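Chains as they are written, first to last, in this note's numbering: chain A, 1 to 453; chain B, 1 to 453.
Glycine included, every Cβ here is placed at the ideal spot set by N, Cα and C.
These figures come from a predicted structure and were not determined experimentally.
What follows is a single structure, written as structure tokens, with notes after it.
2 protein chains.
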Amino acid sequence: MTEQNESKPLELNLVNELPLPSDVSWRFAQANFQPVDVADQLTALLTVEEIAACLELLPLIRRTEIFDYLPDGIQEAVAGVVSLDSLMELLEELPSDSAADLFNYLSPDQQADLLKDLPARNRATIQHLSSYPSGTAGALMTSEISLLPTGINVQRALEILRRTATGSETIYHTYIVDPRHRLVGVVSLRELILAPPKASLDKLMTEELVTILPDEHQQEAARLVSRYDLLALPVVDESQRLLGIITYDDAMDVVEEEDTEDIHLSASVAPLETGLLRTSLVNLYRSRVMWLILLIFANLVSGVGIAFFEDTISAKVALVFFLPLLIGSGGNAGAQASTLMVRGLAVGDVGLGDWTRLLGRELLVAGALGLTMAIAVSPIGMFRGGTDIALVVGLSMVVIVLFGSLLGMSLPFLLHRLKWDPATASTPLVTTLADAGGVVTYFALATWLLGLH
Amino acid sequence: MTEQNESKPLELNLVNELPLPSDVSWRFAQANFQPVDVADQLTALLTVEEIAACLELLPLIRRTEIFDYLPDGIQEAVAGVVSLDSLMELLEELPSDSAADLFNYLSPDQQADLLKDLPARNRATIQHLSSYPSGTAGALMTSEISLLPTGINVQRALEILRRTATGSETIYHTYIVDPRHRLVGVVSLRELILAPPKASLDKLMTEELVTILPDEHQQEAARLVSRYDLLALPVVDESQRLLGIITYDDAMDVVEEEDTEDIHLSASVAPLETGLLRTSLVNLYRSRVMWLILLIFANLVSGVGIAFFEDTISAKVALVFFLPLLIGSGGNAGAQASTLMVRGLAVGDVGLGDWTRLLGRELLVAGALGLTMAIAVSPIGMFRGGTDIALVVGLSMVVIVLFGSLLGMSLPFLLHRLKWDPATASTPLVTTLADAGGVVTYFALATWLLGLH
Numbered sequence: 001m002t003e004q005n006e007s008k009p010l011e012l013n014l015v016n017e018l019p020l021p022s023d024v025s026w027r028f029a030q031a032n033f034q035p036v037d038v039a040d041q042l043t044a045l046l047t048v049e050e051i052a053a054c055l056e057l058l059p060l061i062r063r064t065e066i067f068d069y070l071p072d073g074i075q076e077a078v079a080g081v082v083s084l085d086s087l088m089e090l091l092e093e094l095p096s097d098s099a100a101d102l103f104n105y106l107s108p109d110q111q112a113d114l115l116k117d118l119p120a121r122n123r124a125t126i127q128h129l130s131s132y133p134s135g136t137a138g139a140l141m142t143s144e145i146s147l148l149p150t151g152i153n154v155q156r157a158l159e160i161l162r163r164t165a166t167g168s169e170t171i172y173h174t175y176i177v178d179p180r181h182r183l184v185g186v187v188s189l190r191e192l193i194l195a196p197p198k199a200s201l202d203k204l205m206t207e208e209l210v211t212i213l214p215d216e217h218q219q220e221a222a223r224l225v226s227r228y229d230l231l232a233l234p235v236v237d238e239s240q241r242l243l244g245i246i247t248y249d250d251a252m253d254v255v256e257e258e259d260t261e262d263i264h265l266s267a268s269v270a271p272l273e274t275g276l277l278r279t280s281l282v283n284l285y286r287s288r289v290m291w292l293i294l295l296i297f298a299n300l301v302s303g304v305g306i307a308f309f310e311d312t313i314s315a316k317v318a319l320v321f322f323l324p325l326l327i328g329s330g331g332n333a334g335a336q337a338s339t340l341m342v343r344g345l346a347v348g349d350v351g352l353g354d355w356t357r358l359l360g361r362e363l364l365v366a367g368a369l370g371l372t373m374a375i376a377v378s379p380i381g382m383f384r385g386g387t388d389i390a391l392v393v394g395l396s397m398v399v400i401v402l403f404g405s406l407l408g409m410s411l412p413f414l415l416h417r418l419k420w421d422p423a424t425a426s427t428p429l430v431t432t433l434a435d436a437g438g439v440v441t442y443f444a445l446a447t448w449l450l451g452l453h
Numbered sequence: 001m002t003e004q005n006e007s008k009p010l011e012l013n014l015v016n017e018l019p020l021p022s023d024v025s026w027r028f029a030q031a032n033f034q035p036v037d038v039a040d041q042l043t044a045l046l047t048v049e050e051i052a053a054c055l056e057l058l059p060l061i062r063r064t065e066i067f068d069y070l071p072d073g074i075q076e077a078v079a080g081v082v083s084l085d086s087l088m089e090l091l092e093e094l095p096s097d098s099a100a101d102l103f104n105y106l107s108p109d110q111q112a113d114l115l116k117d118l119p120a121r122n123r124a125t126i127q128h129l130s131s132y133p134s135g136t137a138g139a140l141m142t143s144e145i146s147l148l149p150t151g152i153n154v155q156r157a158l159e160i161l162r163r164t165a166t167g168s169e170t171i172y173h174t175y176i177v178d179p180r181h182r183l184v185g186v187v188s189l190r191e192l193i194l195a196p197p198k199a200s201l202d203k204l205m206t207e208e209l210v211t212i213l214p215d216e217h218q219q220e221a222a223r224l225v226s227r228y229d230l231l232a233l234p235v236v237d238e239s240q241r242l243l244g245i246i247t248y249d250d251a252m253d254v255v256e257e258e259d260t261e262d263i264h265l266s267a268s269v270a271p272l273e274t275g276l277l278r279t280s281l282v283n284l285y286r287s288r289v290m291w292l293i294l295l296i297f298a299n300l301v302s303g304v305g306i307a308f309f310e311d312t313i314s315a316k317v318a319l320v321f322f323l324p325l326l327i328g329s330g331g332n333a334g335a336q337a338s339t340l341m342v343r344g345l346a347v348g349d350v351g352l353g354d355w356t357r358l359l360g361r362e363l364l365v366a367g368a369l370g371l372t373m374a375i376a377v378s379p380i381g382m383f384r385g386g387t388d389i390a391l392v393v394g395l396s397m398v399v400i401v402l403f404g405s406l407l408g409m410s411l412p413f414l415l416h417r418l419k420w421d422p423a424t425a426s427t428p429l430v431t432t433l434a435d436a437g438g439v440v441t442y443f444a445l446a447t448w449l450l451g452l453h
């Protein structure tokens with residue numbers, strides 16, 4: 001969490017027009033621009049070696065701020081080319097959560113060398129924080145917390161805060177711990193400066209806190225921060241000992257990251273490590289190819305369905321006219337149902353317990369949708385093939401839309417139940433499965449109603 | 001922004017097991033639970049009239065806190081059944097952004113009655129804030145800002161803050177305005193309490209600020225808060241006069257809301273006003289039916305394509321076996337490409353200027369994907385129809401995957417260019433258009449290569 005607004009945002013358009021990228025980047029890095037803008041600029045215009053060289057020329061605090069905003073992949077690459085001394089300085093200066101991430105990017109040799117020379121306090125913090133697996137609340141937390149003991153008054157609390165403020169991510173909420181480092185309460189700086197100096201901190205503090213365990217998923221941490229409008233979420237172990245805090249700005253980053261992951265999964269794209277333009281072509285290919293190949297084989301089911309009904313098709317080639325329309329509609333309705341469900345589960349709007357109620361609602365809505373769409377296509381069936389075809393097409397539409405919708409809503413629930421990511425029930429997967437169901441439904445109904453067998 | 005953590009989170013599982021919803025809700029509303037949990041509980045278990053009755057029994061501050069967390073639709077309904085006196089109390093006590101929202105839910109008669117009786121200051125604020133259209137930065141801002149004049153020292157600044165703290169959403173950042181109410185700087189409470197009492201505020205403050213105009217989109221406001229890790233984003237008019245601030249917690253809500261809207265649009269579902277379970281069946285039906293019907297007509301293009309090639313199909317019915325597989329693959333690759341692009345545009349990862357570079361990248365990646373998939377299906381073509389069919393199917397696959405991908409990546413750009421929401425380039429839309437292209441490509445290639453015309 002930065003102390004906001006220290007510098008003006010960079011006008012990127014202007015920059016893009018300038019001729020000498022490395023000189024320009026260097027001037028921006030030195031000037032009073034926001035670190036995030038400088039980091040973006042360096043990433044866009046310079047090579048890893050140039051970024052490293054540019055950073056080394058900056059004063060330590062500025063260098064650290066900018067480094068902290070570089071994308072993970074670039075941080076990792078830069079860490080591979082800078083000197084051990086620079087790494088040491090960065091590790092000491094970075095907020096502990098970022099330092100732990102950086103530490104995890106290093107080679108085992110670099111890690112060993114650094115640990116040897118780091119001050120004991122930093123070493124312990126980094127070893128501890130870097131031990132939490134990526135994606136957990138523990139990996140997200142920082143240990144730079146402002147702490148107060150129990151049993152003091154407001155004046156003493158403010159004195160301690162003033163003395164320790166520089167080492168804390170935020171002093172707007174201060175946590176009160178007992179001698180065994182167990183979290184017993186929180187007090188806001190607002191409460192402290194409004195309270196009489198002699199007031200007892202123990203009376204002023206709020207004792208009931210929203211907390212999280214370090215091994216919970218980072219998405220849950222972000223959800224709690226957002227739901228309870230927290231500035232920071234304390235992370236505690238099973239004995240209620242305070243391990244760190246997760247600040248709202250890190251929670252916002254998690255929300256964006258997790259939503260991006262869900263959105264990509266919704267189209268069967270495996271999560272990308274970095275942004276679209278920065279991802280290498282090979283990684284982009286990899287993130288897309290697996291599902292496309294898998295879905296080819298799922299689509300073969302539709303092909304087999306068609307092969308099975310080849311006689312029906314030969315007898316009435318006009319039926320093929322309605323095939324894309326019918327299976328497409330089932331897929332589309334299924335995509336809608338699965339997407340509503342995946343997002344509902346992701347934001348905690350619906351849970352496993354709502355299954356039967358949602359099933360009932362989906363039956364009604366999908367039934368109505370199927371009927372509406374049957375009414376929309378029947379005239380076309382009538383026009384192209386008469387009453388018989390109109391009947392087959394209309395009836396198929398109702399069944400196919402119902403099937404697609406129920407499949408679409410059920411699949412995320414099933415995956416959630418199996419502790420998979422419900423977002424794996426992607427639109428392409430649902431569409432492909434709905435297609436197979438649609439082919440069989442349509443031709444089976446046609447064979448039966450038109451007496452074509 | 002609340003002063004965090006005042007009360008413990010509610011164990012919803014426990015509540016669901018209890019027998020008497022209204023009694024239970026009432027006990028929870030009174031007890032020391034988080035307002036957001038109580039609001040959820042009331043919404044889940046009680047009718048609008050019961051919620052209104054329950055709220056009226058609570059002390060004003062608690063009532064306001066809980067009301068503020070009720071979903072928009074419920075707030076509107078509750079506002080329709082409570083007394084004018086209650087409404088007046090709520091309007092006076094709510095943060096100004098929420099008060100303006102509430103005011104906008106009221107009938108013109110209620111609005112006129114309330115404005116007559118409201119204190120002049122509140123009246124002006126509410127009339128001003130409620131004039132910004134929903135979805136803009138102006139509608140999101142609150143006017144409860146802690147302000148300081150220029151030309152004072154730190155001690156005086158802290159005195160003013162102590163006196164005015166109760167009326168502000170946050171005092172952690174205080175804005176410094178000149179006599180004409182133009183924003184000239186910001187100072188954090190952290191800086192104030194660490195600075196010597198006699199230090200000049202004008203020297204201490206940061207003068208370069210990230211700000212936003214009130215008519216910009218709320219998504220842009222949220223993006224700035226997230227990008228620059230702000231606690232609050234000042235909203236200023238063209239003359240740099242300070243109108244209000246947007247707090248980080250409101251920005252987080254906007255991120256969730258906008259992501260949900262994009263995700264729903266990605267599956268051609270029109271945005272829902274409330275959560276999935278609370279949306280009425282009629283509204284759910286409406287949110288889905290329009291696109292489904294439109295897509296039927298888009299799918300007719302595929303049907304017409306098939307009708308055009310009916311002779312080819314009659315001559316070689318085995319071709320239909322590969323139809324779902326080929327058009328499905330084009331649709332899936334297109335869905336991937338459009339989803340990557342829509343999200344990239346939404347998070348500001350790519351912009352209009354990146355078009356040519358992205359096109360080149362997509363050509364390479366989609367070409368590689370098409371080739372891989374052609375290699376995967378050719379043996380099946382060989383097995384079912386010999387070399388000729390294998391060639392047709394393989395070649396069609398390459399062309400169809402390329403076509404789907406380029407369509408998928410271009411459509412969001414085109415929409416963005418036309419100032420539409422790029423997310424309208426939904427997966428079902430892209431899939432349907434890719435299907436039509438796929439049908440024509442496949443049968444045209446087959447007709448030509450197999451000499452079937």
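For the segment 184-210 of chain B, residues whose beta-carbon sits nearer than 8 angstroms to a beta-carbon of chain A comprise V186, S188, L189, R190, E191, I193, L194, T206, E208, L209 and V210.
Listed in chain order, the alpha helix (DSSP H) runs fully inside the segment 247-318 of chain A are 248-266, 281-308 and 310-315, counting runs of at least 4 residues. At a Cβ-Cβ threshold of 8 angstroms, I145/B and L58/B do not count as neighbours. For H416/A, there is no enclosing beta strand (DSSP E); the enclosing alpha helix (DSSP H) has its first and last residue at W355 to R417. At least 8 angstroms separates the beta-carbon of A366/A from that of V317/A.
Contact annotation for Y172/B against chain A: Y172, L189 and R190 [CB-CB distance below 8 angstroms, chain order]. It is roughly 8 angstroms from the alpha-carbon of A137/B to the alpha-carbon of I246/B. Taken atom to atom, the span from the alpha-carbon of L363/A to that of S426/A is near 21 angstroms.
For L161/B, the number of other beta carbons within 10 angstroms of its own is at least 16, and it is reported as buried. When DSSP states are grouped into helix, strand and coil, T170/B belongs to the coil group. Shown in chain order are the members of the segment 272-293 of chain A whose Cβ falls below 7 angstroms from a Cβ of chain B: G275, L276, L277, L281, L284, Y285, R288, V289, L292 and I293. In the displayed model, G334/A falls within a helix according to three-state DSSP. The beta carbon of G151/A sits closer than 7 angstroms to those of D202, all from its chain and outside the five residues before and after it, given in chain order. With respect to chain A, the C-beta atom of Q336/B has a partner C-beta closer than 8 angstroms.
Under the Cβ distance rule, R343/B counts among the residues neighbouring chain A, one pair being separated by less than 8 angstroms. Within the segment 300-315 of chain B, contact with chain A at the beta-carbon level (separation under 7 angstroms) is assigned to L300, S302, G303, I306, A307, E310, I313 and S314. For the segment 236-258 of chain A, the set of residues with a beta-carbon nearer than 8 angstroms to any beta-carbon of chain B comprises Y248, D249, A251, M252, D253, V255 and E256, in chain order.
Look at D178/A: its C-beta is not under 8 angstroms from any C-beta on chain B.
Listed in chain order, the non-local C-beta contacts of Y172/A below 7 angstroms within the same chain comprise S188, L189 and L231, local neighbours out to five positions each way being set aside. If you draw a straight line from the Cα of D349/B to the Cα of T372/A, it comes to about 40 angstroms. H217/B is bridged by DSSP to T136/B. The three-state secondary structure of T206/A, taken from DSSP, is strand.
As a beta-bridge residue in DSSP terms, P149/A pairs with V177/A. When secondary structure is reduced to three states using DSSP, A195/A falls in the coil class, being assigned neither helix nor strand. Here L183/B is actually not in contact with L204/B; their C-beta atoms are around 16 angstroms apart, not less than 8 angstroms. Spanning the alpha carbons of T206/A and H416/A requires a straight line of approximately 36 angstroms.
Nearest neighbour of V235/A by Cα position, chosen from A139/A, V392/A and G438/A, turns out to be A139/A.
With respect to the 8 angstroms criterion, A446/B and G330/B are not classified as neighbours on the basis of their beta carbons. Close partners of T64/A in chain B (Cβ separation under 7 angstroms) are lacking, with about 15 angstroms as the shortest Cβ gap. For T427/A, the chain B residues whose Cβ falls inside 7 angstroms of its Cβ are A267, A335 and T427, in order along the chain. Residue pairing of S188/A in beta bridges, as defined by DSSP: H173/A.
The alpha-carbon separation between T142/B and D97/B amounts to approximately 5 angstroms. Inter-residue distance for V282/B and Q336/A is about 15 angstroms (C-alpha atoms, whole angstroms). When C-beta distances to chain B are compared with 7 angstroms, the residues of the segment 362-377 of chain A below that value are L364, V365, A368, L369, T372, M373, A376 and V377, in chain order. At the C-beta level, D421/B and L272/B stay beyond 8 angstroms of one another.
Bounds of the beta strand (DSSP E) holding L233/A are A232 to V236.
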